[in-house]
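Visitor: My questions will all concern the structure given below.
In the numbering used here, the protein residues as written are 3 to 259.
What follows is the structure in structure tokens.
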């Protein structure tokens, strides 16, 4: 009886194996049959994520910004208003985001072998700065983890023929720039447009994030000169601009003093 049972089991395993092989063969046949259509679908899926001014037909390396589906640190509702990103919630999500970005980096290199990761962003923006041959961008963009691909543009200061001294500088306080009118604006439902919930990135000389008018709204920053996460202002201009945009002060001139 045991021998018969053993034989039956062996036959069942053999038939099972044949069934698996048959199914695998059918799967390979279908994959072979539909792969061109699938390839086209994937390419179209990738193309709609790419900004129009990104060159995808060249073999030359170009610089792009890749935005990921994974939300940045600042997008987390429980930490978005915290001035210190070293709290436990931020650290926990940062570890999770770092792992997701590392996994995505591996997939990017599989899809686009020529891709080189230059910078990794995770605080206000989740993604990478990448140097990659243009004709590999569509394949890269087809990854489900990729949200969008933008050109990495370089901006230069306009040259001026004359320097302006402090005595010649115009008064650009609140009334001059129309701030009082902006403060009185309301949305369609009649609520004041106070900027609540908006996130703004400022590229300037830095910011005094300890200033009482700014510290409640400051999330984080980066010093591209010293290459660290401490953007303390070495000049007053960045703090002034940050005050115009996100200050909570009551200065009559609409700026931080």
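Cβ coordinates follow ideal geometry from the N, Cα and C atoms, glycine included. Values in this document were obtained by computation on a predicted structure and should not be read as measured data.
Could you check how far apart the C-beta atoms of residue 221 and residue 76 are, in whole angstroms? I think they sit under 8 Å.
Guide: At roughly 5 Å, the Cβ-Cβ gap stays under 8 Å, so residue 221 and residue 76 are in contact.
Visitor: Please list, in chain order, all residues of the same chain as residue 8 whose beta carbon is under 6 Å from its beta carbon, the five residues on each side excluded.
Guide: In this prediction, residue 8 scores a pLDDT of 37, lower than 50, which makes its location untrustworthy; no coordinate-derived value is stated.
Visitor: Please report how far the alpha carbon of residue 186 lies from the alpha carbon of residue 250, in whole angstroms.
Guide: Using only the alpha carbons, I get a separation of about 16 Å.
Visitor: Consult DSSP for residue 94 and reduce its assignment to one of helix, strand or coil.
Guide: The answer is helix: DSSP assigns residue 94 an H, G or I state.
Visitor: According to DSSP, simplified to helix, strand and coil, what is residue 150?
Guide: Three-state result, residue 150: strand.
Visitor: Quick one: Cα of residue 130 to Cα of residue 67, how far?
Guide: Near 6 Å, if we compare the C-alpha coordinates of residue 67 and residue 130.
Visitor: By DSSP's criteria, residue 70 is part of a beta bridge. Which residues make up the other side?
Guide: Per DSSP, 148.
Visitor: Helix, strand or coil: how does DSSP classify residue 249 here?
Guide: DSSP places residue 249 in coil when its eight states are reduced to three.
Visitor: Less than 6 Å between C-beta atoms, sequence neighbours within five positions excluded: which residues of the same chain meet that for residue 218?
Guide: The answer is none, since no qualifying residue turns up.
Visitor: Label residue 106 either buried or exposed according to how many other C-beta atoms from any shown protein chain fall within 10 Å of its C-beta, with 16 as the threshold for buried.
Guide: Counting Cβ neighbours within 10 Å, residue 106 comes out buried, since at least 16 surround it.
Visitor: Excluding the five sequence neighbours on either side, which residues of its own chain have a C-beta within less than 7 Å of the C-beta of residue 57, listed in chain order?
Guide: Closer than 7 Å at Cβ, skipping near neighbours: 64, 136.
Visitor: Under the DSSP definition of a beta bridge, which residues are partnered with residue 233?
Guide: In the DSSP output, where bridge partners are listed per residue, residue 233 has none listed.
Visitor: Going by beta-carbon coordinates alone, are residue 209 and residue 240 separated by less than 7 Å?
Guide: Taking 7 Å as the Cβ cut-off, residue 209 and residue 240 qualify as a contacting pair.
Visitor: Spatial neighbours of residue 216 within its chain, please: C-beta separation below 8 Å, excluding the five flanking residues on both sides.
Guide: Excluding residues within five positions, the ones whose Cβ falls inside 8 Å are 209, 210, 241, 244, 245, 248, 249, 250, 258.
Visitor: For residue 128, report the span of its beta strand (DSSP E) as first-last.
Guide: Looking at the DSSP string, residue 128 is not in any beta strand (DSSP E), and its letter there is neither H nor E.
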